[in-house]
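Since the structure comes first, as structure tokens, the remarks are kept for the end.
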Amino acid sequence: MFANELNFLVLVLLVANFLFSAVLLFMYYQSVRHYRNLTRGLSKRQDLSKILEHQLDRLEVLSSKMQVLEEDNRAIKKSCQHHLQKFGLVRFNPFGDTGGDQSFAAAFLTGQGDGVVISSLHGRATSRVFGKPIKNGKQSGYQFSQEEQHAVDLALNSSL
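Pasting the structure below:
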């Protein structure tokens, strides 16, 4: 009976040794693949310290390029604040005796809230167009009608 137990123990140890060897072999190949990825494009004679120095140099170059891109991005964002970014449109019927919502008020604003509101009043015989300046999202020199104010509010809460 002792011999069977000893054979079983040897078999268990052999299977455990095989599994352990398989895990080590897998880890070895992973390490070799990782090392090859690190040294891709470099001479085979360079040692790990040279490779790491090369990677650090590349990292510094990329960092400086990233800094330039961030500065450019800030400048573009600042510049975009002066471009038209917001729009609001309200159609309405100012006169009860004509049909349809032919009149409108349209607000065009920059990112800072500056711009213009354009209104068109459509009547049976004539149509009139008005333009009023907007500064910081508020009327600037001219009183807004209810529809114009609504168009400005829509524009302030939207973006193109």
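Residue numbers (the UniProt record's numbering): 1 to 160.
Backbone N, C-alpha and C fix where the C-beta goes; we use that ideal spot for every residue, glycine too.
Can you give me the C-alpha to C-alpha distance between residue i and residue j, rounded to a whole angstrom?
i, j, result
"Glu-53", "Val-61", "12 angstroms"
"Ser-49", "Leu-24", "25 angstroms"
"Val-152", "Lys-135", "11 angstroms"
"Ser-127", "Pro-94", "11 angstroms"
"residue 161", "Lys-65", "Examination of residue 161 is not possible in this model, given that the chain is present from 1 through 160 alone."
"Leu-38", "Asp-47", "11 angstroms"
"Val-10", "Phe-20", "15 angstroms"
"Gln-55", "Arg-33", "17 angstroms"
"Ala-16", "Ser-31", "23 angstroms"
"Gln-102", "Glu-148", "15 angstroms"
"Arg-74", "Phe-18", "59 angstroms"
"Leu-6", "Leu-14", "12 angstroms"
"Val-129", "Ser-145", "13 angstroms"
"Ile-51", "Phe-26", "24 angstroms"
"Arg-58", "Gln-67", "14 angstroms"
"Tyr-28", "Ser-63", "33 angstroms"
"Glu-70", "Arg-91", "42 angstroms"
Measure how close the beta-carbons of residue i and residue j come, nearest whole angstrom, since I'm counting them as under 8 angstroms.
i, j, result
"Val-116", "Phe-108", "6 angstroms"
"His-83", "Thr-110", "6 angstroms"
"Ser-158", "Gly-88", "6 angstroms"
"Pro-133", "Gly-141", "6 angstroms"
Can the beta-carbon of residue i be found less than 9 angstroms from the beta-carbon of residue j?
i, j, result
"Gly-137", "Ser-119", "no"
"Ala-155", "Lys-86", "yes"
"Gly-112", "Gln-139", "With the sequence shown as reference, residue 112 is identified as Gln, and Gly is not the correct amino acid for it. Result no, Cβ atoms of Gln-112 and Gln-139 do not sit closer than 9 angstroms."
* At 3 residues or longer, and completely inside the stretch 40 to 93: list those beta strand (DSSP E) runs for me, N to C. => 84 to 92
* Let me know the beta strand (DSSP E) ranges lying completely inside the stretch 95 to 143, each 3 residues or longer, listed in chain order. => 103 to 110, 115 to 122, 127 to 135
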